[in-house]
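This report concerns only the one structure given below.
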Amino acid sequence: MTRIRRLGAAVALAVTVVWAGSGCTVIPVSGPYTVNDQGAGDPLSKPFHRMIAIKPQPNWGVDETMRGLQAAMAAYADDPSILLSYLTPEARAKWSAAGPVTVVEDAIDVVPPPPREATDPVLKVWLKGKYVARIDEDDTYTPTGGSWGQPFDLVKAPQGGFLVKSLPPGLVLTRADVRRAYRPTNLYYLNRSLQDRLVVDRVRLRLKTTESFAQTVLERLLKPPTATLKDAVTSSLPEGTTIESIRSGEGGERVVVNLSGPLDLSSRDALRAQIKYSLNMNDVAKGRTIEIQANGEPYTTALANTDETWLDDSGKTAYYVTKGAIHYLSKDGPGGVVAGAAGEQRDGYSDFAVSKEENGNSLVAAKTSTGISVAAMVPQGRWQEVIHGKGADFTAPTWHRDGSLWTYDRKNSVLLRYDPSSGRGAEPVEAPNLAGLDVTRLRIARDGVRVMVMTGRNTVQISALTGEGPQMKLGNLRALTTTNEADKIIDVKWGDEEHLLVLVQSQAGHILTEINVGDGESTGVPLTERLQSVAALGDRVLAETDKGAKLLELNQDRQTWTPKIDSDGGAPLFPLG
Amino acid sequence: MPPTRKKRSRRRTLRQILGGVRRRIRRAAGRTRSIWRRSLHLQVVTSTLVISVIVVVVLGTFLFQQINNSVVQSSQQSSSGEATADRLRIADALAPETDDPAKAADGGDKGAADPLDDVMDTITGSRDDASEKRYEVLVLNLTNPGKSRASNSVEPANVPVGLRLSLQRNIREYKYDKTVGFIQSIRLAGESQPQLRFVVGGIVHVLPTGENYEVYHFFPFNEEEELLTNVRLAIVVVGLGLVLLLAAIAYLVARQVVSPVRLAREAAERLAAGKLDERLKVRGEDDLARLANSFNEMAANLALKIHQLEELSQVQRQFVSDVSHELRTPLTTVRMAADLLYDAREDFDPMAARSAELMQAQLERFESMLTDLLEISRYDAGAATLDLDSVDVRDVVLRAIGDSEALAERHTTRFELRLPNEPCMAEIDNRRVERILRNLLFNAIEHGEGRDVVVTVGADRDAVAVAVRDHGIGLKAGEDTMVFDRFWRADPSRARTIGGTGLGLAISREDATLHGGWLQAWGQPGEGSQFRLTLPRVAGSDLKGSPLSLVPPEIEMRRTWRTAMTPVLLPASGDGAGFDGTAYDRAGYDED
Chain A
1 MTRIRRLGAA
11 VALAVTVVWA
21 GSGCTVIPVS
31 GPYTVNDQGA
41 GDPLSKPFHR
51 MIAIKPQPNW
61 GVDETMRGLQ
71 AAMAAYADDP
81 SILLSYLTPE
91 ARAKWSAAGP
101 VTVVEDAIDV
111 VPPPPREATD
121 PVLKVWLKGK
131 YVARIDEDDT
141 YTPTGGSWGQ
151 PFDLVKAPQG
161 GFLVKSLPPG
171 LVLTRADVRR
181 AYRPTNLYYL
191 NRSLQDRLVV
201 DRVRLRLKTT
211 ESFAQTVLER
221 LLKPPTATLK
231 DAVTSSLPEG
241 TTIESIRSGE
251 GGERVVVNLS
261 GPLDLSSRDA
271 LRAQIKYSLN
281 MNDVAKGRTI
291 EIQANGEPYT
301 TALANTDETW
311 LDDSGKTAYY
321 VTKGAIHYLS
331 KDGPGGVVAG
341 AAGEQRDGYS
351 DFAVSKEENG
361 NSLVAAKTST
371 GISVAAMVPQ
381 GRWQEVIHGK
391 GADFTAPTWH
401 RDGSLWTYDR
411 KNSVLLRYDP
421 SSGRGAEPVE
431 APNLAGLDVT
441 RLRIARDGVR
451 VMVMTGRNTV
461 QISALTGEGP
471 QMKLGNLRAL
481 TTTNEADKII
491 DVKWGDEEHL
501 LVLVQSQAGH
511 ILTEINVGDG
521 ESTGVPLTER
531 LQSVAALGDR
541 VLAETDKGAK
551 LLELNQDRQT
561 WTPKIDSDGG
571 APLFPLG
Chain B
1 MPPTRKKRSR
11 RRTLRQILGG
21 VRRRIRRAAG
31 RTRSIWRRSL
41 HLQVVTSTLV
51 ISVIVVVVLG
61 TFLFQQINNS
71 VVQSSQQSSS
81 GEATADRLRI
91 ADALAPETDD
101 PAKAADGGDK
111 GAADPLDDVM
121 DTITGSRDDA
131 SEKRYEVLVL
141 NLTNPGKSRA
151 SNSVEPANVP
161 VGLRLSLQRN
171 IREYKYDKTV
181 GFIQSIRLAG
191 ESQPQLRFVV
201 GGIVHVLPTG
211 ENYEVYHFFP
221 FNEEEELLTN
231 VRLAIVVVGL
241 GLVLLLAAIA
251 YLVARQVVSP
261 VRLAREAAER
271 LAAGKLDERL
281 KVRGEDDLAR
291 LANSFNEMAA
301 NLALKIHQLE
311 ELSQVQRQFV
321 SDVSHELRTP
331 LTTVRMAADL
341 LYDAREDFDP
351 MAARSAELMQ
361 AQLERFESML
371 TDLLEISRYD
381 AGAATLDLDS
391 VDVRDVVLRA
401 IGDSEALAER
411 HTTRFELRLP
421 NEPCMAEIDN
431 RRVERILRNL
441 LFNAIEHGEG
451 RDVVVTVGAD
461 RDAVAVAVRD
471 HGIGLKAGED
481 TMVFDRFWRA
491 DPSRARTIGG
501 TGLGLAISRE
511 DATLHGGWLQ
521 AWGQPGEGSQ
531 FRLTLPRVAG
541 SDLKGSPLSL
551 VPPEIEMRRT
561 WRTAMTPVLL
571 PASGDGAGFD
581 GTAYDRAGYD
591 ED
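Chains as they are written, first to last, in UniProt numbering: chain A, 1 to 577; chain B, 1 to 592.
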């Protein structure tokens with residue numbers, strides 16, 4: 001009994017000490033326990049800052065007034081009233097902000113009138129700078145160059161300072177203004193002919209203070225694509241669709257998009273893909289489940305981190321060509337020759353192109369002296385000439401993702417399309433934009449819509465395959481880049497659906513540039529050796545060094561190269577592109 | 001004039017309504033006060049509730065203020081720290097590049113990009129490698145165009161006016177290091193409702209150019225507000241729970257204490273009502289158990305004493321009864337002898353004749369005293385019974401007056417009769433009622449000082465009443481009840497003139513009580529007195545009132561005239577007016 005009592009007293013004392021100790025502790029030591037993830041900020045918006053314009057001050061001179069006017073143009077979308085306060089009533093009535101936005105370099109010069117005109121009632125002041133780009137009304141960002149200058153008429157304001165009496169229509173922004181208030185944005189539409197893959201459309205969208213960036217993106221997605229993709233793509237968001245609301249829920253883990261309008265049940269997957277990619281690829285709602293509602297009712301849900309096939313390039317096998325024989329390129333180096341005739345060494349075959357993989361098999365096309373031949377990469381595969389003519393008259397063959405082979409007959413100025421499944425020969429495709437042009441290269445992108453057209457030896461243009469079926473034609477031709485006269489473009493290949501790799505031989509050496517076909521933004525890739533040809537698939541870039549001795553692969557840092565084959569390498573190849 | 005009348009009528013109605021409301025409130029307050037005074041339980045629980053509410057409110061307020069200060073101050077400190085860091089960044093960025101060759105080299109590849117944009121990229125998290133910030137920033141330079149920036153949707157109009165003015169004053173006074181804070185609900189563009197924000201305003205002064213940048217930081221305080229709202233809710237809920245818990249505890253504790261006290265009270269009441277065998281249950285050994293023990297002992301002792309007193313009283317009554325009976329036999333003999341002597345007194349010498357007359361008179365008095373003693377013994381023994389008969393009370397009154405006329409003539413007193421025309425039938429014992437009336441009339445004659453004696457008979461549906469009014473010296477205060485005590489006399493030195501025994505009014509009251517009636521007295525010195533006998537028409541039924549007023553109507557009327565504020569004549573009835581606690585001056589009065 002005494003022992004039990006002592007034991008009880010000891011337990012009571014221990015409990016009291018523990019209780020008192022934990023009671024005195026502000027944050028008791030504890031764990032492990034499951035912690036609920038809190039949403040990392042607003043998944044629908046992007047932080048940004050913007051210009052705050054101020055009204056013209058009575059003590060300002062011409063220079064301050066013109067800079068204030070330009071700042072007011074930068075803030076015009078947020079607060080139009082400030083810009084109007086710089087204008088005389090007459091100018092207010094005439095001037096309109098509509099039209100393309102002119103983008104100039106940050107260093108703008110205000111050129112006042114000569115001293116002898118300084119006493120005139122109307123002062124003509126010039127804004128001068130370097131032309132950078134133009135943002136069209138369809139949000140296309142088109143880089144331009146050259147010098148820029150516009151005249152402005154100023155009059156003295158009754159209360160002091162100056163007012164603008166006349167000015168050119170449209171807004172003038174500096175590069176910094178655009179960088180501050182605009183975001184390069186990828187919109188995704190469906191390729192028109194197959195509707196099995198998304199096509200990216202690059203635009204510059206202005207951030208708005210009154211709505212989230214997600215709303216801005218989706219509002220733009222409801223509109224038609226830019227002029228470069230006109231008639232080349234379609235959208236699963238039918239005309240008349242409106243966005244009722246976009247909100248994030250469940251601690252930011254879920255984003256709910258409520259649409260209204262004549263939504264089609266059959267295009268549910270495509271609509272989901274368009275919205276998901278248009279948001280996620282612009283770092284909006286990334287890693288979140290996107291629930292799409294139609295008129296408040298659940299329509300479809302895009303789960304986070306699911307890999308859908310809407311950007312699938314259909315084949316990631318890398319090849320290289322040595323002495324006319326096509327070899328596989330494995331992870332560690334040479335992977336052996338391909339099966340069939342394509343794997344045999346053969347002279348006179350050049351400009352190889354591999355088609356999209358179908359059931360693990362691909363076709364390879366090559367230019368010969370008598371035309372263009374095709375072979376299947378199977379044991380029984382034999383070369384078969386499908387387009388006849390003088391090989392030098394054709395551009396290098398290129399495969400479309402629908403399985404057709406394309407080339408441009410420079411002699412007859414006709415674009416040819418050969419469909420192996422049709423059983424017919426090569427058929428001409430209408431390409432009115434190419435008439436009269438010296439087409440030297442033509443490559444169809446992996447999205448099946450965009451087409452790179454190289455004219456002459458140093459100009460790259462982008463066009464698109466518009467229409468479908470028999471009405472398909474090559475249109476929407478637009479200049480992308482050009483080099484100095486003395487330079488020469490050695491090779492051009494598609495990287496991913498929006499980037500072109502352009503290998504230029506200049507007097508200073510070889511230059512490899514990655515160009516975004518949407519807005520012309522280019523990124524240089526440093527080279528350690530002279531290259532002869534390149535091939536790319538997404539982030540993976542292979543290059544053949546001069547003389548074909550080595551095969552290099554660009555590392556993930558996009559700065560250094562790793563040799564894959566040290567000797568007896570050759571021109572690298574990826575399916576399509 | 002009709003409108004005036006209408007107005008008056010409305011005013012009267014309003015007054016009546018107000019009066020009604022006031023009366024109801026007063027009645028409710030009275031009821032509440034009564035419940036409050038009577039219930040110890042309620043007092044304990046209410047007091048505990050009130051005190052605990054006060055304590056909880058005071059402690060809760062103090063606690064909330066402490067938490068509030070801690071949360072808000074720590075948030076303000078961290079916020080102003082971030083704001084200071086940002087201002088330093090801005091100042092560093094805006095400083096001329098020549099001051100910092102390293103920065104000049106850095107900025108070379110950015111071309112002519114505004115350093116303000118670069119630093120705003122970092123501050124707002126707009127840059128790809130920067131982290132998103134929880135607050136908004138506004139940089140204002142009102143002198144240089146294109147040098148003002150704002151993050152996200154914040155606008156210059158969102159800055160509190162007071163803060164703006166304070167900052168501009170600091171600029172005028174060259175106090176560039178002074179930072180000003182402001183907490184205000186602000187609605188930014190795109191927000192559906194205002195949010196509580198802590199706005200910190202500071203100045204970045206660029207020395208070489210002399211430019212001043214007003215830098216405002218908008219820190220959201222909604223999380224702190226939510227936290228403090230939850231804390232406040234928790235304190236309120238816990239406080240409420242605590243108060244209710246304390247009330248419940250007080251209820252239980254009070255119940256433990258009050259219940260035995262209540263049982264003791266009920267037992268004491270029953271004991272007081274005559275249930276001498278009432279006892280409390282004793283549980284345990286605590287104070288309440290000891291109280292119960294003491295109560296039980298007290299009750300037992302009380303019962304014993306009462307029993308002893310009853311026995312003693314019984315013995316005394318028996319003794320009186322026995323003595324009365326025993327005295328009657330020798331008295332009869334003495335009476336017979338005295339009668340003989342009295343009859344033969346004319347043959348005696350004058351002294352002996354006078355002695356015989358005196359003896360005869362005292363013997364008569366002795367005899368009637370014995371009769372009264374025997375009668376009252378019967379009452380004490382509970383042996384008195386009624387011989388009920390339905391009679392007209394007027395006849396009884398007339399008979400009693402007839403019996404008293406001889407005495408009245410001797411005192412030169414006249415009777416004034418006020419009898420109703422209708423018969424006043426009642427079930428009464430004729431003999432006893434007549435005796436009561438006789439006693440009252442004899443009393444009135446003796447103390448009426450020769451003035452008129454007014455005899456009034458009244459009747460209503462339930463009762464009949466007879467009032468005998470004299471205009472003698474009256475009764476003093478308190479004597480109106482003492483007159484019915486046995487052998488009581490107002491002035492002991494005063495001799496009895498009509499040879500009363502001192503038991504007349506006591507027997508009369510017993511007679512009235514035996515009928516289920518009342519016998520009450522009223523008197524004032526110099527105003528005379530009035531005795532009122534009230535009897536139920538049906539024997540055994542309870543009396544609810546008397547048809548006649550105890551206070552004579554003329555006295556009541558005079559009093560009303562003298563004291564009333566409003567000239568309203570009150571009815572002269574007012575049963576029990578002499579028993580409502582009003583102090584009357586009463587002259588000394590003794591029974592017959």
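Even glycine gets a Cβ: it sits at the ideal position worked out from N, Cα and C.
Top-ranked residue by Cα proximity to residue i, from the options
i	options	result
A254/B	V44/B, R37/B, E311/B, M425/B	V44/B
A176/A	H510/A, K230/A, A71/A, A270/A	A71/A
E224/B	L196/B, K175/B, R149/B, N421/B	L196/B
E529/A	G538/A, L551/A, E291/A	L551/A
T513/A	N295/A, G68/A, L503/A	L503/A
As assigned by DSSP and simplified to three states, the class of residue i
i	result
E430/A	strand
H510/A	strand
T13/B	helix
residue 593/B	Chain B is shown only over 1 to 592; residue 593/B falls outside these bounds and no answer can be derived.
G241/B	helix
N222/B	helix
M482/B	helix
N359/A	coil
V132/A	strand
T209/B	coil
Other residues of its chain near residue i: CB distance less than 6 Å, five sequence neighbours each side excluded
i	result
F487/B	G502
V204/B	R87, I90, A91, Y213, V215
K286/A	N280
Chain B contact for residue i (CB, 7 Å cutoff)
i	result
residue 617/A	Nothing about residue 617/A can be read from this structure; chain A reaches only from 1 to 577.
F162/A	no
G524/A	no
P47/A	yes
E64/A	yes
T210/A	yes
G68/A	yes
Short CB-CB distance (under 7 Å) between residue i and chain A
i	result
D92/B	no
R149/B	yes
D117/B	yes
G201/B	no
S34/B	no
D86/B	no
Cβ-based burial, residue i [other Cβ within 10 Å; buried from 16]
i	result
G146/B	buried
T560/A	exposed
A107/A	exposed
I35/B	exposed
Cβ shell of residue i (< 7 Å), same chain only, five flanking positions each side left out
i	result
M73/A	L83, L171, V172, L173
Proximal residues to residue i (C-beta, below 8 Å), its chain only, five neighbours per side dropped
i	result
L123/A	V62, P112, P113, E117, D153, L154, V155, F162
L303/A	T289
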